[in-house]
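So the sequence shown is residues 1 to 91, counted in UniProt numbering.
Every residue, glycine too, gets a C-beta built ideally from N, C-alpha and C.
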Amino acid sequence: MLERQRRKNATEVTFVLPDGDPPGPVSVVGTFNDWQPGSHVLEPRPDGTRAVTVALPAKVTHSFRYLAAGDYWFNDEAADGHDGANCRLQT
Numbered sequence: 001m002l003e004r005q006r007r008k009n010a011t012e013v014t015f016v017l018p019d020g021d022p023p024g025p026v027s028v029v030g031t032f033n034d035w036q037p038g039s040h041v042l043e044p045r046p047d048g049t050r051a052v053t054v055a056l057p058a059k060v061t062h063s064f065r066y067l068a069a070g071d072y073w074f075n076d077e078a079a080d081g082h083d084g085a086n087c088r089l090q091t
């Protein structure tokens, strides 16, 4: 799930997943962090989900995927679209 907060020149995007599905650490990787695993690791929230918020430039298209333990890559069904294997996000 994606939560968005529009700001003056940016959009804060919160990437949200259920806690424990998939198990272990999960990070969101994409064009906004040069596809570097571990740059944006999802952390537990009080509501039982885990999330990370990333401030992204406004009016830009970003590609991203999630990376879980064991080199398990997966997509977000709430993405704005797909470009091959990657999710697309419009800010």
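Check whether residue i and residue j have beta carbons under 8 Å apart
i   : j   : result
N33 : S63 : no
V52 : T91 : no
A78 : M1  : yes
Pairwise C-alpha distance: residue j and residue i
i   : j   : result
G81 : P46 : 29 Å
V41 : V29 : 9 Å
D19 : D76 : 15 Å
R6  : G70 : 34 Å
E3  : G24 : 22 Å
G48 : L17 : 9 Å
L89 : P57 : 11 Å
R65 : K8  : 26 Å
G84 : Y72 : 17 Å
Residues near residue i in its chain [Cβ-Cβ closer than 7 Å; skip 5 each side]
i   : result
A55 : A10, E12
Sequence-distant residues of the same chain with beta carbon closer than 6 Å to residue i, five excluded per side
i   : result
S27 : P37, G38, H40, V41, L67
T14 : E3, A51, T53
F74 : Y66
Same chain only: Cβ atoms within 8 Å of residue i, ignoring 5 sequence neighbours per side
i   : result
P44 : D19, R50
W35 : V29
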